[in-house]
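Chemist: Structure below; questions to follow.
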Amino acid sequence: PCQDIYGSCKTWKREGQCEIPPEETAFFVLNCPESCEKCVARNDTSFNRRSFDYPMDFNATGYNETLTFSVAKPVMFGTPSLNFTEKCTTGQTIGFISHFCKLYPNLNV
(Lines of atoms letter the chains of each structure in order from A and count residues from 1; the text may use other names and numbers.)
(Lines give C-alpha, C1' and ligand atoms only; values in the text may rest on other atoms or scores of the structure.)
Protein backbone atom coordinates (compact mmCIF):
# COMPACT_ATOMS: atom_id res chain seq x y z
CA PRO A 1 0.00 0.00 0.00
CA CYS A 2 1.01 3.57 -0.55
CA GLN A 3 1.87 5.10 2.80
CA ASP A 4 4.32 7.48 4.38
CA ILE A 5 7.19 5.91 6.28
CA TYR A 6 7.79 8.86 8.63
CA GLY A 7 5.24 10.55 10.85
CA SER A 8 6.64 13.96 9.88
CA CYS A 9 5.93 13.62 6.12
CA LYS A 10 2.93 15.99 6.19
CA THR A 11 5.07 18.63 7.91
CA TRP A 12 7.82 18.19 5.33
CA LYS A 13 5.27 18.59 2.53
CA ARG A 14 4.04 21.88 4.06
CA GLU A 15 7.68 23.02 4.20
CA GLY A 16 8.06 22.31 0.47
CA GLN A 17 10.41 19.33 0.79
CA CYS A 18 8.36 17.34 -1.75
CA GLU A 19 9.26 19.93 -4.40
CA ILE A 20 12.98 19.12 -4.25
CA PRO A 21 13.89 17.44 -7.57
CA PRO A 22 14.51 13.68 -7.18
CA GLU A 23 17.88 14.17 -8.89
CA GLU A 24 19.00 16.13 -5.79
CA THR A 25 17.46 13.78 -3.23
CA ALA A 26 14.91 10.99 -3.64
CA PHE A 27 14.39 10.79 0.13
CA PHE A 28 10.99 12.46 0.23
CA VAL A 29 9.58 10.68 -2.83
CA LEU A 30 10.64 7.29 -1.43
CA ASN A 31 9.72 7.86 2.21
CA CYS A 32 6.69 10.16 1.89
CA PRO A 33 4.89 9.00 -1.28
CA GLU A 34 1.39 9.62 0.08
CA SER A 35 2.07 13.15 1.37
CA CYS A 36 4.11 14.05 -1.72
CA GLU A 37 1.28 12.71 -3.93
CA LYS A 38 3.57 10.30 -5.79
CA CYS A 39 1.10 7.43 -5.61
CA VAL A 40 -2.58 6.82 -5.00
CA ALA A 41 -3.41 5.94 -1.41
CA ARG A 42 -5.50 2.81 -0.83
CA ASN A 43 -8.30 3.66 1.55
CA ASP A 44 -8.88 0.00 2.39
CA THR A 45 -5.70 -0.20 4.46
CA SER A 46 -5.71 1.28 7.94
CA PHE A 47 -4.74 0.71 11.54
CA ASN A 48 -7.56 -1.10 13.29
CA ARG A 49 -5.86 -1.22 16.71
CA ARG A 50 -6.44 -4.98 16.85
CA SER A 51 -3.98 -7.80 16.66
CA PHE A 52 -4.36 -11.08 14.86
CA ASP A 53 -3.85 -14.39 16.68
CA TYR A 54 -2.65 -17.50 14.89
CA PRO A 55 -3.00 -20.46 17.28
CA MET A 56 -0.78 -23.45 16.57
CA ASP A 57 -2.04 -26.41 18.57
CA PHE A 58 0.37 -29.24 19.33
CA ASN A 59 -1.87 -30.97 21.90
CA ALA A 60 -0.42 -34.40 21.13
CA THR A 61 2.92 -33.20 22.54
CA GLY A 62 1.41 -31.03 25.29
CA TYR A 63 2.85 -27.90 23.68
CA ASN A 64 0.85 -24.89 22.51
CA GLU A 65 2.11 -21.73 20.85
CA THR A 66 0.17 -18.62 19.87
CA LEU A 67 1.67 -15.83 17.74
CA THR A 68 0.08 -12.37 18.00
CA PHE A 69 0.85 -9.76 15.31
CA SER A 70 0.14 -6.02 15.31
CA VAL A 71 1.35 -3.05 13.25
CA ALA A 72 2.62 -0.10 15.29
CA LYS A 73 2.07 3.43 14.03
CA PRO A 74 5.37 5.20 13.28
CA VAL A 75 6.58 7.90 15.63
CA MET A 76 7.43 11.35 14.26
CA PHE A 77 10.88 10.39 12.95
CA GLY A 78 10.67 6.62 13.09
CA THR A 79 9.62 3.95 10.64
CA PRO A 80 6.66 1.62 11.23
CA SER A 81 7.27 -1.68 12.91
CA LEU A 82 5.56 -5.05 13.00
CA ASN A 83 5.24 -6.25 16.59
CA PHE A 84 4.71 -9.91 17.38
CA THR A 85 4.52 -11.91 20.58
CA GLU A 86 4.88 -15.65 21.17
CA LYS A 87 3.01 -17.30 24.03
CA CYS A 88 4.38 -20.80 24.61
CA THR A 89 2.64 -23.22 26.97
CA THR A 90 3.90 -26.63 28.11
CA GLY A 91 2.04 -28.13 31.05
CA GLN A 92 2.15 -25.55 33.83
CA THR A 93 4.96 -23.53 32.20
CA ILE A 94 4.05 -20.40 30.24
CA GLY A 95 6.59 -18.29 28.40
CA PHE A 96 6.26 -14.99 26.53
CA ILE A 97 8.69 -13.67 23.94
CA SER A 98 8.18 -10.25 22.30
CA HIS A 99 9.70 -9.22 18.96
CA PHE A 100 9.55 -6.32 16.55
CA CYS A 101 10.56 -5.91 12.94
CA LYS A 102 11.29 -2.47 11.46
CA LEU A 103 9.71 -1.83 8.06
CA TYR A 104 11.66 0.06 5.39
CA PRO A 105 10.75 0.96 1.79
CA ASN A 106 12.16 -1.09 -1.06
CA LEU A 107 14.71 1.25 -2.60
CA ASN A 108 15.25 -1.03 -5.62
CA VAL A 109 11.87 -0.25 -7.19
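With my numbering applied, the sequence shown corresponds to residues -7 to 101, in that order.
Backbone N, C-alpha and C define an ideal beta-carbon position, used for all residues, glycine too.
(1) Going along the chain, which residues of its own chain have a beta-carbon closer than 7 angstroms to the beta-carbon of S73, five neighbours each way excluded?
(2) Do you know offhand how far K2's Cα is from T60's?
(3) Return the first residue and the last residue of the beta strand (DSSP E) that K79 is part of.
(4) Under the assumption that C10 contacts C28 (Cβ atoms under 8 angstroms), give the Cβ distance between them as a whole number of angstroms.
(5) Pick helix, strand or coil for C1, following the three-state DSSP scheme.
Modeler: Answer, in terms of the structure:
(1) Closer than 7 angstroms at the Cβ level, and outside the excluded window around S73, lie A64, F92, C93, K94, L95.
(2) Roughly 31 angstroms separates the two Cα atoms.
(3) Counting along the chain, the unbroken beta strand (DSSP E) around K79 starts and ends at 73 to 82.
(4) Contact holds; Cβ gap of about 4 angstroms.
(5) Correct three-state label for C1: helix.
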